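Only one structure is covered here, and it is reproduced in the block below.
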Amino acid sequence: ERSAACQVAKLVCVLKVASMSNITLKYFDGGGRGEAIRIALWHGGIQFTDERFTYDQWKEIKPTIPGGAVPVLEVDGKTFTQSAALLRYAGRRSGLYPEDLVEAMRCDEVLDIVSEVLTKTPQDADVEVKKAKRAEYAAGPMKGKMGLLGSYAEQSGPDGFIAGKSFTIADLVLESTVGMFESGNFDHVASDYCEQWPALVALAKRIRAHDIVAKWAASKAK
Amino acid sequence: EDPRSQRALTCPASSARDRSAAGMMHRSTHLLALSAALFTVFSLSHAADPETCTKDCNVVLTYFDGAGRAEAIRIALFTAGIPFEDKRVDYSVWSASNLKADTPGQALPVLSVDGVVYTQSLAIQRWAGRKSSMYPEDDKLAMRCDEVMDIFAEVLTKTPQDPDAEKKAALRKTYSEGPMKVKMDLVNKYAESAGGGFLCGDGVTIADLNVWGAVDMISKGNFDHVPATYLDQFPAMKALSKRVEESAVFKDYYASKAK
Numbered sequence: 473e474r475s476a477a478c479q480v481a482k483l484v485c486v487l488k489v490a491s492m493s494n495i496t497l498k499y500f501d502g503g504g505r506g507e508a509i510r511i512a513l514w515h516g517g518i519q520f521t522d523e524r525f526t527y528d529q530w531k532e533i534k535p536t537i538p539g540g541a542v543p544v545l546e547v548d549g550k551t552f553t554q555s556a557a558l559l560r561y562a563g564r565r566s567g568l569y570p571e572d573l574v575e576a577m578r579c580d581e582v583l584d585i586v587s588e589v590l591t592k593t594p595q596d597a598d599v600e601v602k603k604a605k606r607a608e609y610a611a612g613p614m615k616g617k618m619g620l621l622g623s624y625a626e627q628s629g630p631d632g633f634i635a636g637k638s639f640t641i642a643d644l645v646l647e648s649t650v651g652m653f654e655s656g657n658f659d660h661v662a663s664d665y666c667e668q669w670p671a672l673v674a675l676a677k678r679i680r681a682h683d684i685v686a687k688w689a690a691s692k693a694k
Numbered sequence: 047e048d049p050r051s052q053r054a055l056t057c058p059a060s061s062a063r064d065r066s067a068a069g070m071m072h073r074s075t076h077l078l079a080l081s082a083a084l085f086t087v088f089s090l091s092h093a094a095d096p097e098t099c100t101k102d103c104n105v106v107l108t109y110f111d112g113a114g115r116a117e118a119i120r121i122a123l124f125t126a127g128i129p130f131e132d133k134r135v136d137y138s139v140w141s142a143s144n145l146k147a148d149t150p151g152q153a154l155p156v157l158s159v160d161g162v163v164y165t166q167s168l169a170i171q172r173w174a175g176r177k178s179s180m181y182p183e184d185d186k187l188a189m190r191c192d193e194v195m196d197i198f199a200e201v202l203t204k205t206p207q208d209p210d211a212e213k214k215a216a217l218r219k220t221y222s223e224g225p226m227k228v229k230m231d232l233v234n235k236y237a238e239s240a241g242g243g244f245l246c247g248d249g250v251t252i253a254d255l256n257v258w259g260a261v262d263m264i265s266k267g268n269f270d271h272v273p274a275t276y277l278d279q280f281p282a283m284k285a286l287s288k289r290v291e292e293s294a295v296f297k298d299y300y301a302s303k304a305k
């Protein structure tokens with residue numbers, strides 16, 4: 473009896489998978505610009521192959537990747553690049569993207585602010601030069617952008633989220649960014665950097681405590 | 047009463063078709079009675095630029111006086127029939143005053159809607175695009191649209207800068223032959239797949255406007271140390287850009303600016 477039920481369940485599963493999009497996410501085995509996409513797809517119950525590789529493997533994989541950077545998302549044989557584009561797709565399909573147009577604009581804006589902050593972060597082979605450049609960056613342009621995010625966090629109030637009333641992909645990205653500083657993963661910028669924006673730190677905590685994030689963390693721990 | 051003068055007072059969103067019908071009605075009524083004097087004064091002040099709002103505007107776009115990162119927004123807002131103040135800031139004012147420091151995000155463009163300010167040109171483009179049906183509804187087409195927009199933004203953001211002109215030229219040569227070419231090749235491939243059409247469906251979307259913007263900037267020599275001939279290796283992109291220039295969306299916008 474159990475085996476018959478299992479067979480039926482397997483058949484249903486196969487039929488379900490066959491009717492859905494064939495999706496593969498390719499990214500490093502770590503957070504960075506891929507984790508929010510994973511969380512959104514997972515939250516939406518969207519089946520996907522989570523192809524992960526190490527930095528060592530990247531050298532060989534890179535020439536096979538359109539645009540030369542990851543993450544990329546393959547959907548039904550077509551490849552799409554640019555993490556924010558992929559995240560927006562995953563967010564729309566999982567109910568984590570605002571329907572209201574101005575809220576969507578704010579959500580998009582937050583994704584782009586974070587992306588710009590990361591992309592413009594100074595790099596230098598010389599450690600002292602890198603340290604000096606980053607100190608300038610953290611006191612200048614980055615402070616302006618993070619301060620703007622802080623003001624949005626303030627505006628959202630004690631129960632709101634970064635784009636408005638609802639939890640969106642922008643919150644996933646925001647929490648990941650604040651977390652990056654807090655865990656000391658932003659070279660040459662102190663881990664208490666975000667404390668000058670209390671509302672931002674408070675929002676990050678609220679996001680971490682959110683059902684979606686808590687359940688994702690629990691599912692990974694298994 | 048002339049419906050067009052009413053529209054100008056209340057600034058509602060209206061379609062391109064409504065505007066021209068109202069225009070025709072306006073021209074014929076204004077030949078008539080005493081109230082024509084009122085229309086005349088009103089129409090003279092608004093006829094040149096019916097969609098530009100100059101006072102108490104619900105939507106205000108602030109950018110420099112150039113195409114740059116705002117032209118696609120202007121075109122989309124116009125196409126959507128959204129009256130907006132097209133505020134252009136002189137670059138000398140931007141760098142000399144406190145304007146930059148006081149602007150949220152310390153960069154332009156910014157958009158104000160109902161008194162709330164939004165930054166990031168692509169976020170603003172997407173809002174305007176959705177309002178003007180220039181943003182795909184299909185999830186995968188929207189993802190492709192977003193991807194193309196982001197590719198150009200990344201290419202611009204990562205473009206090397208250097209106070210030394212020779213160093214800048216050298217850095218840009220390496221850049222344009224390397225990472226930038228990888229990205230342009232990808233967009234060119236998408237443009238090829240579009241055949242004789244547009245990138246994300248049947249009509250012009252903001253993705254196509256972004257291709258046009260990049261091609262336009264480089265062909266006009268506005269991308270320092272990257273000559274117009276650079277584009278010859280991306281023929282599909284050039285062809286797509288030309289198709290954008292020949293589109294009704296593009297022509298209507300520039301016709302309105304020429305008045």
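Residue numbers (the working numbering), protein chains in the order written: chain D, 473 to 694; chain A, 47 to 305.
C-beta: ideal position from N, C-alpha, C; glycine also.
Just so we're clear, the structure is a prediction, and the values are computed from it rather than from any experiment.
- Task: Could you work out which residue in A:S293, A:D136, A:Q171 is closest to G112 of chain A when comparing CA atoms only?
- Result: For the purposes of this step, residue 112 of chain A is taken as the residue at position 66 of the second sequence. Taking G112 of chain A as reference, the option from A:S293, A:D136, A:Q171 with the minimal CA-CA separation is A:D136.
- Run the CB neighbour count on A693 of chain D, radius 10 Å, all protein chains shown included, and call it buried at 16 or more, exposed below. The sequence position of residue 693 of chain D within the first sequence is 221, counting from 1. Note on A693 of chain D: under 16 other CB atoms within 10 angstroms of its CB, so exposed under the neighbour-count rule.
- Message: Does the beta-carbon of C478 of chain D, which I'm using as the reference point, lie nearer than 7 angstroms to any heavy atom of the ligand MN?
- Response: Looking for the ligand MN in the displayed structure turns up nothing, as the structure carries no ligands at all.
- Message: Run through the DSSP bridge pairs and tell me what D102 of chain A is partnered with.
- Response: Locating residue 102 of chain A in the second sequence gives position 56, where the first residue counts as 1. Looking at the DSSP output, D102 of chain A bridges to nothing.
- Message: For T125 of chain A and T149 of chain A, I'd like the C-alpha separation in whole angstroms.
- Response: The count along the second sequence starts at 1 and reaches residue 125 of chain A at position 79. The count along the second sequence starts at 1 and reaches residue 149 of chain A at position 103. Roughly 27 angstroms between the two C-alpha positions.
- Item | Local conformation of I495 of chain D per DSSP, three classes | Here residue 495 of chain D corresponds to residue number 23 of the first sequence, with the count starting at 1. DSSP, read as helix, strand or coil, puts I495 of chain D in strand.
- Item | Distance between S475 of chain D and Q554 of chain D (C-alpha atoms, nearest Å) | On the first sequence, residue 554 of chain D is found 82 positions in, with the first residue counted as 1. On the first sequence, residue 475 of chain D is found 3 positions in, with the first residue counted as 1. In a straight line, the C-alpha of Q554 of chain D is about 45 angstroms away from that of S475 of chain D.
- Query: What does L129 of chain A reach in chain D if we use C-beta pairs closer than 8 angstroms?
  - Reply: As a working note, residue 129 of chain A is residue 83 in the second sequence. This sequence places Pro at residue 129 of chain A; Leu is not what is there. Proximity of chain D to P129 of chain A at the Cβ level (cut-off 8 angstroms) is not reached, the minimal Cβ distance being about 17 angstroms.
- Message: Output needed for E654 of chain D: all residues of its chain with C-beta closer than 6 angstroms, excluding positions within five of it in sequence on either side, in chain order.
- Response: For the purposes of this step, residue 654 of chain D is identified with residue 182 of the first sequence, where counting begins at 1. So the qualifying residues of the chain are S663.
- Just by C-beta distance, which residues in the region 174-188 of chain A are closer than 8 angstroms to chain D? Those would be R176, K177, D185, K186, A188, in chain order.
- Query: Between G516 of chain D and chain A, is there a C-beta pair that is closer than 8 angstroms?
  - Reply: Numbered from 1 along the first sequence, position 44 holds the residue referred to as residue 516 of chain D. No - not a single Cβ of chain A is within 8 angstroms of the one on G516 of chain D.
- Identify each residue in the region 155-169 of chain A for which the Cβ-Cβ distance to at least one residue of chain D is less than 9 angstroms, and report them in chain order. Listed by position along the chain: L157, V159, D160, V162, Y164, T165, Q166, S167, L168, A169.
- Item | Cβ contact (3+ pairs, closer than 8 angstroms) linking the region 139-149 of chain A and the region 171-179 of chain A | By the Cβ rule, the region 139-149 of chain A does not count as touching the region 171-179 of chain A, because fewer than three pairs are nearer than 8 angstroms.
- Are P543 of chain D and G506 of chain D closer than 8 angstroms when you measure CB to CB? Locating residue 543 of chain D in the first sequence gives position 71, counting from the first residue. Locating residue 506 of chain D in the first sequence gives position 34, counting from the first residue. Yes.
- Item | Nonlocal neighbours in the same chain, by C-beta distance under 6 angstroms from K498 of chain D, ignoring five residues either side | Within the first sequence, the letter at position 26 stands for residue 498 of chain D. When the five nearest sequence neighbours on each side are left out, the beta carbons in the same chain lying within less than 6 angstroms of the beta carbon of K498 of chain D are those of E523, V542, V544, in order along the chain.
- Which residues, in chain order, does the region 185-216 of chain A contribute to contact with chain D at a C-beta distance below 9 angstroms? Of all residues in the region 185-216 of chain A, only D185, K186, A188, M189, R190, C191, D192, E193, V194, M195, D196, I197, A199, E200, T203, K204 come within less than 9 angstroms of chain D when Cβ atoms are compared, listed by chain position.
- Query: So what's G636 of chain D in DSSP terms, helix, strand or just coil?
  - Reply: Residue 636 of chain D sits at position 164 when you count from the first residue of the first sequence. Here DSSP, grouped into helix, strand and coil, assigns G636 of chain D to strand.
- What does V228 of chain A touch in chain D if you count any residue whose Cβ is under 8 angstroms from its own? By 1-based counting over the second sequence, the position of residue 228 of chain A is 182. Per Cβ cutoff of 8 angstroms: G539, G540.
- Message: If the cut-off is 9 angstroms on Cβ atoms, which residues from the region 569-587 of chain D count as contacting chain A, listed in chain order?
- Response: Look at the region 569-587 of chain D: the residues with a C-beta under 9 angstroms from a C-beta of chain A are L573, V574, A576, M577, R578, C579, D580, E581, V582, L583, D584, I585, S587.
- Query: Exposed or buried, which one is K617 of chain D when buried takes at least 16 other CB atoms within 10 Å?
  - Reply: Mapped onto the first sequence, residue 617 of chain D falls at position 145. By the 10 Å Cβ count, K617 of chain D comes out buried.
- Cutoff 6 angstroms; reference S89 of chain A; Cβ partners in own chain excluding five residues on either side: Position 43 of the second sequence, counted from the first residue, corresponds to residue 89 of chain A. The predicted position of S89 of chain A is uncertain, since its pLDDT is 46 and thus under 50; no value can be drawn from it.
- Query: Are the beta-carbon atoms belonging to D254 of chain A and F269 of chain A less than 8 angstroms from one another?
  - Reply: Here residue 254 of chain A is taken as the residue at index 208 of the second sequence, counted from 1. Here residue 269 of chain A is taken as the residue at index 223 of the second sequence, counted from 1. No, these two residues do not count as a Cβ contact at 8 angstroms.
- Query: Helix, strand or coil: how does DSSP classify K550 of chain D here?
  - Reply: As a position in the first sequence, residue 550 of chain D is number 78, starting the count at 1. Strand, per DSSP.
- Message: Check whether the region 155-170 of chain A and the region 216-224 of chain A are in contact - that is, three or more C-beta pairs closer than 8 angstroms.
- Response: The count of Cβ pairs closer than 8 angstroms, one atom from the region 155-170 of chain A and one from the region 216-224 of chain A, stays below three, leaving the stretches out of contact.
- Candidates D:G540, D:A681, D:V574, of which the one nearest D631 of chain D by Cα: Your numbering for residue 631 of chain D matches position 159 in the first sequence. Sorting D:G540, D:A681, D:V574 by C-alpha distance to the C-alpha of D631 of chain D places D:A681 at the top.
- First through last residue of the alpha helix (DSSP H) which encompasses E1 of chain A: Since the displayed chain A opens at 47 and closes at 305, residue 1 of chain A lies outside it and no answer follows.
- Where T640 of chain D falls, given that 16 or more other Cβ within 10 Å makes a residue buried: By one-based count along the first sequence, residue 640 of chain D stands at place 168. It is buried - the Cβ of T640 of chain D has at least 16 other Cβ atoms within 10 Å.
- Test: T553 of chain D CB closer than 8 angstroms to a CB of chain A: Taking the first residue of the first sequence as 1, we reach residue 553 of chain D at position 81. For T553 of chain D, the answer is yes, since a Cβ of chain A falls inside 8 angstroms of its Cβ.
- Going along chain A, which residues have a C-beta under 8 angstroms from R564 of chain D? Against the first sequence, residue 564 of chain D aligns to sequence position 92. Residues of chain A passing the Cβ test: D185, A188.
- Task: Name, going along the chain, the residues of the region 136-152 of chain A whose beta-carbon falls closer than 7 angstroms to a beta-carbon of chain D.
- Result: For the region 136-152 of chain A, the residues whose beta carbon sits under 7 angstroms from a beta carbon of chain D are, in order, P150, G151, Q152.
- Query: Do you know whose CA, among A:L107, A:C99, A:L286, lies nearest G242 of chain A's CA?
  - Reply: Locating residue 242 of chain A in the second sequence gives position 196, counting from the first residue. With distances taken between Cα atoms, G242 of chain A lies closest to A:L286.
- Message: Checking the sheet assignment: what are the DSSP bridge partners for E212 of chain A?
- Response: In the second sequence, the residue the question calls residue 212 of chain A occupies position 166. For E212 of chain A, DSSP records no beta bridge to any residue.
- Message: Please tell me whether L123 of chain A has its Cβ less than 8 angstroms away from any Cβ of chain C.
- Response: Of the protein chains in this structure, namely D and A, none is chain C.
- Query: Looking only at its own chain, which residues have a Cβ that is under 6 angstroms from the Cβ of R578 of chain D, when we skip the five neighbours before and after it?
  - Reply: For the purposes of this step, residue 578 of chain D is identified with residue 106 of the first sequence, where counting begins at 1. Non-local C-beta neighbours of R578 of chain D in its own chain, meaning closer than 6 angstroms and more than five positions away in sequence, comprise A635, ordered along the chain.
- Query: Could you give the uninterrupted runs of the alpha helix (DSSP H) lying entirely in the region 162-223 of chain A, keeping only those of 4 residues or more?
  - Reply: Runs of the alpha helix (DSSP H) spanning 4 or more residues and lying entirely within the region 162-223 of chain A occur at 167-177, 185-203, 211-223, in chain order.
- Message: Does chain D have any CB closer than 8 angstroms to the CB of R172 of chain A?
- Response: Along the second sequence, read from residue 1 onward, the residue named residue 172 of chain A stands at position 126. For R172 of chain A, the answer is yes, since a Cβ of chain D falls inside 8 angstroms of its Cβ.
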